[in-house]
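Worksheet for the structure shown next.
Protein chains: 2
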Amino acid sequence: MNTADMAQRIVAGERRALARAITLVESSRSDHRAQSQDLLDHLGSLAPDRQALRIGLSGTPGVGKSSFIESFGLMLTGQGLKVAVLAVDPSSARSGGSILGDKTRMEELSRDRNAFIRPSPSQTELGGVARRSREAVALCEAAGFDVILIETVGVGQSETTVAEMSDLFILLMAPAGGDELQGVKRGIMEIADMILVNKADGALKDVATRTCADYSGALRLMRKRVYDPEGFPKACTVSAWEGHGLTEAWADMQALAEWRKTEGHWTHRRSNQARHWFEEEVRQALLARLTEDPAVRAQMQGFSAEVAGGQLSASAAAQNMLKLLS
Amino acid sequence: MNTADMAQRIVAGERRALARAITLVESSRSDHRAQSQDLLDHLGSLAPDRQALRIGLSGTPGVGKSSFIESFGLMLTGQGLKVAVLAVDPSSARSGGSILGDKTRMEELSRDRNAFIRPSPSQTELGGVARRSREAVALCEAAGFDVILIETVGVGQSETTVAEMSDLFILLMAPAGGDELQGVKRGIMEIADMILVNKADGALKDVATRTCADYSGALRLMRKRVYDPEGFPKACTVSAWEGHGLTEAWADMQALAEWRKTEGHWTHRRSNQARHWFEEEVRQALLARLTEDPAVRAQMQGFSAEVAGGQLSASAAAQNMLKLLS
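Protein sequence lines correspond, in order, to chains A and B. Residue 235 in our numbering is what sits at position 235 of the first sequence, and the numbering runs on without skipping anything. Residue 1129 in our numbering is what sits at position 129 of the second sequence, and the numbering runs on without skipping anything.
Structure representation (structure tokens):
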């Protein structure tokens, strides 16, 4: 595969080239890894200034995430914006499942020529998922998308992983009784820029309004963050079903993004993220040495067998192994 | 500090020696790490055969975990058993909080001479939390406790971490509508040996019974595991408040543990756990090299600054750094 050619096609907006490129960065084969690196380098020189608004979006199953993305995405494409939807699903390592797997959940958006929807690959470990998703985001950015929605379910570390590759982080919630408020992990509240309470329609409208007020109150109690203008982080109600609140939410997101750009927080955040991913890549590569070199792998297995058999304690074996590695 | 002497006091059941030893293993100072290793080696020779029943216990805030531990623990000490309660709280890395921090939540149990309650240390990262907790478990085991309850909140990876150091893993749940069933992560259901639906009393009794039936149904749909006898994993109702169901749950836990011992699964599980911790310790030590050596740390910081400044991509910097490390 000619990566220079592929890069040009991506920058020209060819969807098939983009799809193939994402498949390439998702592969863990070492020749594919080298090609991916090549491709990203080419794209870096071809389209260095293309910058999408990267919106991280988290919500547990049942909050209506797919319907929200469908309605919100169609509103954006209706304004002439190009929208990419990517999914980050670290839980697939265990369950083998995949989110966004069923494009029929976003029937209209998936047929929209200004939208690009990519389900998450299944069966990979977290480190890999993060790197692949990050590279897929870079590909979509180079392809000229204006908005990239990075979807995740609220499982384990996935929210912080997604926040680390997003400019804005949005938490989608369902209307709920006051008791469930505490169910939102504090750490997640702390990284949210907006909380959208979905399903503010029909019988749930009043509950949604109350839930939103509860979240607003909770957000006001949080420590003030330097990268927020007055009024942020904020909670709002939306109805993906009726379309209510979507344009307002989008106006808020744009206002927030603009403010951060003007104040220098946008660049600062992207710099910090690049730093984070550099460190993470070093860590992942170090750990990969334990499994990639057959000799090292054999040593690990040898000690492992002794530990399992009780001849050696886990700590003693670890110390021996580390001596061999240094 | 004389670790040989400390080991003897621990084996003799001196609580103050145990408390001091746990503080020692919680420290990350390198001289304390060496002493901890010494201490654990001594204990390994002094009390090689002491084996507690390690029960991992997870439940989100609000399910009544503290009340359950209080009632369940008092029932066990009432039978003459010695009970240790430890907390594993990886989330403290972020929030700075600590679970079990307030012993008053377990007022009676904390005054019981046959019980030992240890809150989680705050402000440490996950790898460290796991190692420290595991070593605290080993200390309590050497101190002659019959049952060790290892408590965690359902946050991120903490449940699998706790399951990896437990013989049984119990999920404590609150009565809830059918819709919330899906809120339990599938991966957590897969590692649970028993699901206890708490608060099966007063107005919530009927809901608890229905919730329990729902979980029973969900458990029956799961893949059969070789290390389960007929009827396990199972869901039961308990009331920490009224004391209902606690003796039955304990009888179930004992029956399960006995069956696994007889069938060889108990030893097999402990072997696999030792293997897991060996690998984990090697991984953590490898990563520690990035931060402990001042020269390496300086190199990392140098690249990090270039990445943040945009002179170098995260991937290119990572590759350069890895060359320096090899």
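For glycine and all other residues, C-beta sits at the position ideal for the given N, C-alpha and C.
Residues near residue i by beta carbon distance below 6 Å, same chain, minus five either side
i	result
A/Gln301	none
B/Glu1151	Leu1057, Ala1087
A/Leu46	Ala7, Val11
A/Phe116	Ala84
B/Trp1266	Arg1260
B/Glu1242	Asp1201
A/Ser95	Only weak support exists for where A/Ser95 lies, its pLDDT of 43 falling under 50; the value from the coordinates is given anyway. Same-chain partners within the cutoff: there are none.
B/Asn1114	Thr1077, Lys1082
Sequence-distant residues of its chain with Cβ nearer than 7 Å to residue i (five each side left out)
i	result
B/Thr1237	Val1197, Ala1200, Ala1208, Thr1209, Cys1212, Gly1245
A/Arg50	Glu141, Ala142, Gly144
B/Ile1022	Arg1118, Ala1136, Leu1139
A/Met321	Gln299, Met300, Phe303
B/Ala1052	Cys1140, Glu1141, Phe1145, Asp1146, Val1147, Ile1148
A/Asp41	none
A/Ser66	Arg105, Met106
A/Trp277	Arg134
B/Met1001	Gln1035
A/Gly187	none
A/Asp112	Leu74, Thr77
Own chain partners of residue i with C-beta closer than 8 Å, once the 5 adjacent residues on each side are dropped
i	result
B/Glu1306	Leu1312, Ala1317
A/Arg173	The sequence given here places Met at residue 173 of chain A; Arg does not occur at that position. These residues qualify, in order along the chain: Gly59, Val63, Val184, Ile195, Leu196, Val197, Asn198, Thr211, Tyr215.
A/Arg297	Leu290, Thr291
Whole-angstrom C-beta distance between residue j and residue i, which should lie under 8 Å
i	j	result
A/Met194	A/Ala218	Not really, about 13 Å apart at Cβ, beyond 8 Å.
B/Leu1076	B/Ala1136	That belief does not hold up - the Cβ atoms of B/Leu1076 and B/Ala1136 are roughly 19 Å apart, past 8 Å.
B/Tyr1227	B/Arg1289	Wrong, their Cβ atoms sit about 37 Å apart, outside the cutoff.
B/Ile1055	B/Ile1170	6 Å
B/Ala1019	B/Arg1009	No, B/Ala1019 and B/Arg1009 are not in contact; Cβ-Cβ is about 11 Å, not under 8 Å.
A/Ala295	B/Ala1308	Their Cβ separation, rounded to whole angstroms, is 37 Å, which puts A/Ala295 and B/Ala1308 out of contact at 8 Å.
A/Val153	A/Pro61	6 Å
B/Gln1037	A/Ser326	Between A/Ser326 and B/Gln1037 the Cβ distance is about 18 Å, and since that is not below 8 Å, they are no contact.
A/Leu24	A/His32	6 Å
B/Leu1286	A/Leu221	About 40 Å separates the two Cβ atoms, so there is no contact after all.
Buried versus exposed call for residue i [16 or more other C-beta atoms within 10 Å across all chains shown]
i	result
A/Leu109	buried
B/Val1282	buried
B/Gly1059	buried
A/Ala84	buried
B/Val1063	buried
B/Leu1039	buried
A/Glu70	buried
A/Thr247	exposed
B/Val1254	Val is not the amino acid found at residue 1254 of chain B; the sequence shown has Gln there. The residue in question, B/Gln1254, is exposed, as its Cβ has fewer than 16 Cβ neighbours within 10 Å.
B/Ser1028	exposed
B/Lys1234	buried
B/Leu1168	buried
B/Glu1164	buried
B/Gly1073	buried
A/Thr291	exposed
A/Gln79	exposed
B/Lys1323	exposed
A/Ala130	buried
A/Ala203	exposed
A/Phe239	Residue identity check: residue 239 of chain A is Ser in the sequence provided, not Phe. It counts as buried.
B/Lys1082	buried
A/Glu279	buried
B/Pro1175	buried
B/Thr1003	buried
A/Ser166	buried
B/Asp1293	exposed
At a Cβ cut of 8 Å, what residues of the region 43-65 of chain A count as close to chain B, listed as they run along the chain? Gly44, Thr60, Pro61, Gly62
Pull out every residue of the region 269-285 of chain A whose Cβ sits closer than 8 Å to any Cβ of chain B, in chain order. Ser271, Asn272, Ala274, Arg275, Trp277, Phe278, Glu279, Glu281, Val282, Arg283, Ala285
What residue ranges within the region 195-237 of chain A form continuous alpha helix (DSSP H) runs of no fewer than 4 residues, ordered along the chain? 205-220
Tell me which residues of the region 1287-1301 of chain B have at least one Cβ-Cβ distance to chain A shorter than 9 Å, keeping chain order. Leu1287, Arg1289, Leu1290, Met1300
When Cβ atoms are compared, which residues of the region 1310-1323 of chain B fall closer than 7 Å to chain A? Ser1313, Ala1314, Ser1315, Ala1317, Ala1318, Met1321, Leu1322
Can you list, in chain order, the residues of the region 1016-1028 of chain B whose Cβ is nearer than 9 Å to any Cβ on chain A? none
Within the region 41-73 of chain A, note down every full beta strand (DSSP E) run reaching 3 residues or more, in order along the chain. 53-58
Beta carbons nearer than 9 Å to chain A: which residues of the region 1214-1245 of chain B have them? none
Which parts of the region 127-180 of chain A are runs of the alpha helix (DSSP H), unbroken and 4 residues or longer, counting only runs that do not cross its ends? 158-163
Which residues, in chain order, does the region 134-145 of chain A contribute to contact with chain B at a C-beta distance below 9 Å? Arg134, Glu135
Residues from the region 1028-1040 of chain B in contact with chain A, defined by Cβ distance under 8 Å: Gln1037, Leu1040
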